[in-house]
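Residues in the sequence shown are numbered from -4 upward in steps of one, following our numbering. Yeah, the Cβ is synthetic: ideal placement off N, Cα and C, and Gly gets one too. Beneath this line is the structure, given in structure tokens, with notes to follow.
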Amino acid sequence: MDQYLEVFIKVVEKENFSKAAEELHMTQPAVSQYIRTLEESIGTRLLERSNKYVRLNKAGEIVYHHAKEIVALYTKMQSLVEDLTNNASGPLAIGASYTFGEYILPHIMARLQEQYPLIYPSIKIHNTKEIIELVNSHQLDIGIIEGQFHEKTLNSEVVSEDQMVIVAPPHHRLLGKTVRLSDLEEETWILRETGSGTREASENLFRMYNFNPKKVMEFGSTQLIKESVEAGLGISLVSRWAIGKELKNEYLGVLNVEELPFKRNFAIITHSTYQTKSLKTFIETLRQYMADHEQ
């Protein structure tokens, strides 16, 4: 049944039988037969078909959601069985929030691939809220997130502290001076979107010091925020991990604010205590990298 679900998932995601068949290295009639057999076993149609599109109906939405979980669990089961006799190898689905995923994870992956070339990772980068949801639904083997974690159905472990600082354009009038957070009330603050770990850190900082910026702009990526600050659009609270190159090249400056640096946690989250050798190896590599690069 897992192969029927995999074919179904591919048709849904490609929205086309021919494209799904090409990617699966199957003929289109074979793909169509797989879908018909699956629909017969479920007892209802799952897809609405026309000459231009293939779309999920209500029943199809239910099956698609659970099919993703079933296929992920089946893959994990296979990996656990293979681990009984083999070395760390096989697929590993990793998710990370933006700061960790964009500025730290690539270096960990380079170390992992050098030492364990038989591990085949796939990586998804989303905000913290989305990463938690993907781990919860078994679509990721592990997630690395920023900030507070309250989900009781998942296992979590803090792996490092992250220092948050306020960055400003390179010629900002307050650079080189010691200021208080209250002195920055009139500044334009550029913040990440709701659901982001960096946004949560900003809100925690503001709440801690009863601070209410008068003007806030919301952007969807750290890179966009850095470019905007450099251009003089405003200031922002960001991770020190994210600004190494900008500080070295003097594209940004760090304001000396009495209440800072503000610290938050990086944590790993997993769905089960049963971990494949690949996952255990990745976690060990991650821990060692973070220990070697403590801020």
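Taking the beta carbon of residue 45 as the centre, do at least 16 other beta carbons fall within 10 Å, making it buried, or is it exposed? exposed
Give me the Cα-Cα distance between residue 302 and residue 36, rounded to the nearest whole angstrom. In this structure the chain extends from -4 to 290, so residue 302 is not present and cannot be described.
Alpha carbons only, please: which of 281, 271, 233 is nearest the one belonging to residue 87? 271
Own chain, CB closer than 6 Å to residue 281, minus 5 neighbours either side, in chain order: 103
Give me the residue from 259, 76, 40 with the minimum Cα distance to residue 193. 259
Alpha carbon to alpha carbon, how far is residue 232 from residue 210? Give it in angstroms, no decimals. 14 Å
Does the distance from the CB of residue 132 to the CB of residue 182 come in under 8 Å? no
To the nearest angstrom, report how far apart residue 43 and residue 57 are at their CA atoms. 14 Å
Assuming residue 137 and residue 274 make a contact with CB atoms under 8 Å, what is their CB distance in whole Å? 6 Å
Report the rounded CA-to-CA distance for residue 179 versus residue 216, giving the unit in angstroms. 22 Å
Which residue comes first and which comes last in the alpha helix (DSSP H) that contains residue 183? Where residue 183 is concerned, there is no enclosing alpha helix (DSSP H), although the beta strand (DSSP E) it sits in stretches over 183 to 186.
Kindly list the residues whose CB is nearer than 8 Å to the CB of residue 51, restricted to its own chain and excluding five residues on each side of it in sequence; keep chain order. 7, 41, 42, 43, 59
By the three-class DSSP mapping on this structure, what secondary structure does residue 50 have? strand
Distance, Cα to Cα, residue 21 vs residue 202? 56 Å
Local conformation of residue 21 per DSSP, three classes: coil
Quick check: the Cα distance between residue 68 and residue 149, rounded to an integer number of angstroms? 15 Å
At least 3 beta-carbon pairs within less than 8 Å: the segment 102 to 116 vs the segment 154 to 173: no
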